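Each remark here refers to the structure printed beneath this line.
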Amino acid sequence: MQCYVSLHPVDSTYLLLTVLIISTGSEKVLFVHHSFLHRRYSSQNVNKTVIVRIPQANIYRFGDSNIAAPVFREVDWTINEGESWAVIGSGSNQKTALLRTLLGHLRISPPPAPPEGLFPFLSDPPRDPHTCISLVSFAHRQHTSGGAFYDYTARYGAVRDEDCITLRQSMFGEYDFLNIQPKDSSRIKTAGELAQEKAKKDIFDDLSARLGLSDLLDLPLVALSNGQTRRARIIKAILSQPELLVLDEPLTGLDLNNRPTLLSVLHALHSSQQPRIIMGLRLQDPLPDWISHLALVKDGKVITGAKDEVLAEHVAQTLQDEQKRASNTPRIIPSADGKPVVDMKNVNVVYQQTRKVLKSINWTIREGERWHLQGANGSGKTTLLSLLTGDHPQSYTQIQPASHLHLFSRPRARISTPHLRYLIGVVSPELGNAFPRRAGVSVWEVVGTGFDGTFVPGGPNGVGVGLEGSLSDDVRKWRVDRVREVLSALGPSSWKNGVQGADEISTLTSLDEEFAKRDFADLSAGEQSVVLLMRALVSRPQLVLLDEVWSGMDDAMVRAARRYLREGGVGHDQAVVVISHWEGEVPWGIEDGLRRFKLDEGVGREV
Ligand SMILES: Nc1ncnc2c1ncn2[C@@H]1O[C@H](COP(=O)(O)OP(=O)(O)OP(=O)(O)O)[C@@H](O)[C@H]1O
Numbered sequence: 000m001q002c003y004v005s006l007h008p009v010d011s012t013y014l015l016l017t018v019l020i021i022s023t024g025s026e027k028v029l030f031v032h033h034s035f036l037h038r039r040y041s042s043q044n045v046n047k048t049v050i051v052r053i054p055q056a057n058i059y060r061f062g063d064s065n066i067a068a069p070v071f072r073e074v075d076w077t078i079n080e081g082e083s084w085a086v087i088g089s090g091s092n093q094k095t096a097l098l099r100t101l102l103g104h105l106r107i108s109p110p111p112a113p114p115e116g117l118f119p120f121l122s123d124p125p126r127d128p129h130t131c132i133s134l135v136s137f138a139h140r141q142h143t144s145g146g147a148f149y150d151y152t153a154r155y156g157a158v159r160d161e162d163c164i165t166l167r168q169s170m171f172g173e174y175d176f177l178n179i180q181p182k183d184s185s186r187i188k189t190a191g192e193l194a195q196e197k198a199k200k201d202i203f204d205d206l207s208a209r210l211g212l213s214d215l216l217d218l219p220l221v222a223l224s225n226g227q228t229r230r231a232r233i234i235k236a237i238l239s240q241p242e243l244l245v246l247d248e249p250l251t252g253l254d255l256n257n258r259p260t261l262l263s264v265l266h267a268l269h270s271s272q273q274p275r276i277i278m279g280l281r282l283q284d285p286l287p288d289w290i291s292h293l294a295l296v297k298d299g300k301v302i303t304g305a306k307d308e309v310l311a312e313h314v315a316q317t318l319q320d321e322q323k324r325a326s327n328t329p330r331i332i333p334s335a336d337g338k339p340v341v342d343m344k345n346v347n348v349v350y351q352q353t354r355k356v357l358k359s360i361n362w363t364i365r366e367g368e369r370w371h372l373q374g375a376n377g378s379g380k381t382t383l384l385s386l387l388t389g390d391h392p393q394s395y396t397q398i399q400p401a402s403h404l405h406l407f408s409r410p411r412a413r414i415s416t417p418h419l420r421y422l423i424g425v426v427s428p429e430l431g432n433a434f435p436r437r438a439g440v441s442v443w444e445v446v447g448t449g450f451d452g453t454f455v456p457g458g459p460n461g462v463g464v465g466l467e468g469s470l471s472d473d474v475r476k477w478r479v480d481r482v483r484e485v486l487s488a489l490g491p492s493s494w495k496n497g498v499q500g501a502d503e504i505s506t507l508t509s510l511d512e513e514f515a516k517r518d519f520a521d522l523s524a525g526e527q528s529v530v531l532l533m534r535a536l537v538s539r540p541q542l543v544l545l546d547e548v549w550s551g552m553d554d555a556m557v558r559a560a561r562r563y564l565r566e567g568g569v570g571h572d573q574a575v576v577v578i579s580h581w582e583g584e585v586p587w588g589i590e591d592g593l594r595r596f597k598l599d600e601g602v603g604r605e606v
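Dropping the structure here:
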C-alpha cells in the first residue's frame, strides 16, 4: 500500500488531497480523498451563526459578588458569523479585561443561557471552548514565571543548551516535522497523523514565509527580536487550530512594514474562518479596512456596533477629549556642547562569525540630547541598547583603535557593570518581563532599587546602599526625597485627579502614600509599567533609555508620564534615548530638538 498526501492553498483555505494505492496481485486500486483542512461555512450560514453572545449582563471579577462594582455594566454584545470585530479602548486594562472575558477569566452575570452559552457556534455539535478559543496577548505582562529575576541578557552571549531550542522545534512540540519522525520511534504513525502533520508543516512554511520568518527558523528562540517573537507566537497559535483566535494588541512592537503584512494574513485567515479572529487594538492604532464592527470599552461600558457608527458617535469625541487634555509644555533646548555620554566608533556585533547584526556603528550621544532610535523589527535596536547598558559581551570586544565603545567618557571595559547600572536608567520590555514580582515587595522598594540599578530592594528606608555599600545621611535623605518626588509626579493622584508637573512636587497625597505601600506584584500591568518608569528616573541618571515605555499604561498614565518627562522629569544634563515604532509615542518632537538615529539591517545613521 502506498499513501500520498498533498496540500494546496485554495483562496485562503487549504485543500488536503490523500491518495491511497493498494496493490492486490497485478491490480492496483486507487482511492482519492479530498477535504478542506478546516470546516468552511456555506454562504447560507453567513449572518445566521452567532459566534459570541453576551445578552444584557454585568461582568465581574471572580470572587466579587453581584453587589460589588462590576468591571463592565449592562454589556449587550453579539458577534455574528461574517462580521469582523475589533475591541478598542483608551485604557489598555479594560480592553484586555473584555477580551479575557471571552476566555472565561471574568464572570458574566447572568451567564449566557445554555445550550448556546457564550459561544453559540460551539453548541452544535457541542465543543469545548477551552480547546476551541485561544488568546495571544501582546499587552504588557503583569506576571513573570516566578519571584526571582531571570537573566534576559542570556541571548547576547553563548547560547546555553537549554536555550538552544530553535524556532522550528518550538512550533512542533512532540514531533520533528522536518523528518516527520515520531520521537518515540517504536510507534509507527498512521497515514492520518502523517497527513495532518504534513498539512500543518505546509501551513507553517506558508505563514513563516509570509511573515518574514523563513530565514530565522533554525535560530535559537532566545535570539529572536521582539517583533520576530511576536509573529512566531501568532503562527504557533494558528497551528493549534482554534476556531476563534483572540489577539490582544497584535500590532504592538511591530514595525511599519510588518503591520500591513500581518493584517492581510489575519484578514485572509478570518475570511476563511480558519480561525475567526477578534483583535484588541489601542485607540491610537490604525483600524484595518476589513474591520466591520467595533466594541469600544470606555469608563466601564462597552459600546458595540457597526464601525462607522461607533467611530462617528463615540471615538471622535474620545479623541477630542484626549487632545483637549493634552498639555502645551515648554521645549527642550539641547545644549550643543554637552559632554559625550556614549561614543561609538565603528562598533560591530557579530554572531557565529558570520551573522552581522550591527555594522560599523558611529553614534555620539551627549548630555541634554533627546534621541529617537528607529528601525524595523530585527534591525538591531535591542542589541544596540544592550551595548549602551554594557549587558552585551561584545560591548567589551570592540577592537581599538579601529573601533571603540566609550560610556561616560571611559572605554566600556574600564567601567564595571554595577557602576553602569547605577549611571543608566532603563525601561524595556525585557526588563519589564524579567523584574521579580515577589510577594511583600512594595512599590516604594521597587522604585528605590533604581538608585543602584539592582533588582532586589535593600538598605535603610529601602533606597539602596550605593556602590560603596553605605550611604551618608545626606545622600539617604536626598534619595528618600527623590522617591517621594517621583511618586508624587507619577503616582495615582497624577492619573486620577489630573496631572501634576515636576514643579508641583510637595507632600504625597494619601492616594500616593497608599500606592507606595502596595505590593508591586499586586498592581495592574499598567501600574507596574509606571512604577518601572519611576524606578528608571528616580536617580536622575545621566542616560535614560526608554524602550516601549508606554506598554500597558492607560491614557491617563501616558499623559501624566509624557508631561512629567517634558516638564523637568529629565533635566538638561540628562540624555534620553526613546525606542518606539510609533513616532507619536516619543514625548519630544523635532521642534524640541529631537534627533533620530535609524538602523537598517544593522547599519546606523542619523536621519
Ligand atoms: N544570539 C544570537 N544569534 C544570532 N542572531 C541573533 C542573536 N541575538 C539576536 N540575533 C539577531 O539579531 C537581530 C537583531 O535583533 P534585535 O533584538 O536587536 O532587533 P530589534 O531591532 O530590537 O527588533 P524588534 O523591533 O523586533 O525588537 C535579529 O535578526 C535577531 O534574530
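When we follow numbering that gives the first Met the number 0, the leftmost residue of the sequence shown carries the number 0, and every step to the right adds one. Backbone N, C-alpha and C fix where the C-beta goes; we use that ideal spot for every residue, glycine too. As the structure is a prediction and not an experimental result, all values here were calculated from the model.
Asked                                                                                                                                                                                          : Found
Less than 8 Å between the beta carbons of LEU97 and VAL356, yes or no?                                                                                                                         : no
Starting from the C-beta of LEU265, find all residues in its chain whose C-beta is less than 6 Å away, skip the five residues before and the five after it, and write them out in chain order. : ILE276
Could you tell me if GLY466 is buried or exposed, where buried requires 16 or more neighbouring beta carbons within 10 angstroms of its beta carbon?                                           : Per the sequence presented here, residue 466 reads as Leu, with Gly not at that position. Exposed, because fewer than 16 other Cβ atoms sit within 10 Å of the Cβ of LEU466.
What separation, rounded to the nearest whole angstrom, lies between the Cα atoms of GLY588 and LEU419?                                                                                        : 28 Å
With DSSP as the reference, label TRP76 as helix, strand or coil.                                                                                                                              : strand
Leaving out the 5 sequence neighbours to the left and right, which residues in its chain are closer than 7 Å to PRO491 when beta-carbon positions are compared?                                : LEU510, ASP511 and PHE514
At the level of alpha carbons, what is the spacing between MET552 and PRO428?                                                                                                                  : 13 Å
Could you have a look at LEU598 and say whether DSSP puts it in helix, strand or coil?                                                                                                         : strand
Leaving out five residues before and five after ASP217 in sequence, what residues of the same chain have Cβ atoms less than 8 Å from its Cβ?                                                   : THR165, LEU166 and ARG167
ASN460 and ALA401 look like a contact to me (Cβ under 8 Å); what is the Cβ gap, rounded to whole Å?                                                                                            : Wrong, their Cβ atoms sit about 47 Å apart, outside the cutoff.
What I want to know is whether the C-beta of ASP217 ends up closer than 7 Å to one or more non-hydrogen atoms of ligand 1.                                                                     : no
Using a threshold of 8 Å, state whether the C-beta atoms of TYR446 and ARG534 are closer than that.                                                                                            : Note on identity: in this sequence residue 446 is Val, with Tyr being the wrong assignment. Going by C-beta atoms, VAL446 is nearer than 8 Å to ARG534.
Would DSSP call LEU218 helix, strand or coil?                                                                                                                                                  : coil
Less than 8 Å between the CB atoms is what I'm expecting for HIS391 and GLU82, so what's the real figure, rounded?                                                                             : About 47 Å separates the two Cβ atoms, so there is no contact after all.
Name the DSSP beta bridge partners of GLY88, please?                                                                                                                                           : ARG281 and VAL296
Taking 8 Å as the threshold (C-beta atoms), are LEU255 and ILE578 in contact?                                                                                                                  : no
Quick check on DSSP: helix, strand or coil for LEU206?                                                                                                                                         : helix
Tell me, please, whether the region 185-201 touches the region 351-368 by the rule of three or more beta-carbon pairs shorter than 8 Å.                                                        : no
I think ASP70 touches TYR59, with their Cβ atoms under 8 Å apart; what is that distance to the nearest whole Å?                                                                                : Just to set this straight, residue 70 is Val in the shown sequence, not Asp. So it is a contact: roughly 6 Å between Cβ atoms.
What residue ranges within the region 533-591 form continuous alpha helix (DSSP H) runs of no fewer than 4 residues, ordered along the chain?                                                  : 554-563
I need the DSSP call for VAL9, collapsed to helix, strand or coil.                                                                                                                             : Reliability fails at VAL9, whose pLDDT of 43 lies under 50, so the model's placement of it is uncertain and the value that follows must be treated cautiously. Strand at VAL9.
Is the region 430-445 in contact with the region 554-569, if contact means three or more CB pairs nearer than 8 Å?                                                                             : no
With distances taken from CA atoms, which of ILE78, ARG561 and THR453 is nearest VAL529?                                                                                                       : ARG561
What residues in its chain sit with their C-beta under 6 Å from that of ASP175, if we drop five residues either side in the sequence?                                                          : Residue placement at ASP175 is poorly supported in this model, since its pLDDT is 45, which falls under 50; the coordinates are not used for a value here.
With a threshold of 16 other CB atoms inside 10 Å of the CB of VAL31, please say whether the residue is buried or exposed.                                                                     : The predicted model places VAL31 with a pLDDT of 46, which falls under 50 and marks its position as unreliable, so this point remains unresolved.
Is the closest heavy atom of ligand 3 to the C-beta of LYS355 under 7 Å?                                                                                                                       : In terms of ligand content, the structure shown lacks ligand 3 and carries ligand 1 instead.
Please classify GLY458: is it buried, with 16 or more other beta-carbons within 10 angstroms of its beta-carbon, or exposed?                                                                   : buried
Which runs of the alpha helix (DSSP H) fall wholly inside the region 395-470 and span at least 4 residues, in chain order?                                                                     : 416-422, 428-433 and 442-447
Rounding to the nearest angstrom, what Cα-Cα distance links GLU312 and ALA555 in this structure?                                                                                               : 22 Å
Under a three-way DSSP split, which group does ASP127 fall into?                                                                                                                               : coil
How about THR382: is its Cβ closer than 7 Å to a heavy atom in ligand 1?                                                                                                                       : yes
With a 10 Å radius around its C-beta and 16 neighbouring C-beta atoms as the bar for buried, classify SER41 as buried or exposed.                                                              : Residue placement at SER41 is poorly supported in this model, since its pLDDT is 37, which falls under 50; the coordinates still yield a value, given next. Answer is exposed; the Cβ neighbour count stays below 16.
Relative to the C-alpha of HIS100, which residue among ILE132, GLY463, PRO124 and GLY337 is closest?                                                                                           : The question names His, yet the displayed sequence has Thr at residue 100. Nearest of ILE132, GLY463, PRO124 and GLY337 to THR100, Cα basis: ILE132.
Starting from ARG365, follow the beta strand (DSSP E) in both directions and report where the run begins and ends.                                                                             : 354-365
For ASN57, report the span of its alpha helix (DSSP H) as first-last.                                                                                                                          : No alpha helix (DSSP H) contains ASN57, which is instead part of the beta strand (DSSP E) from 49-59.
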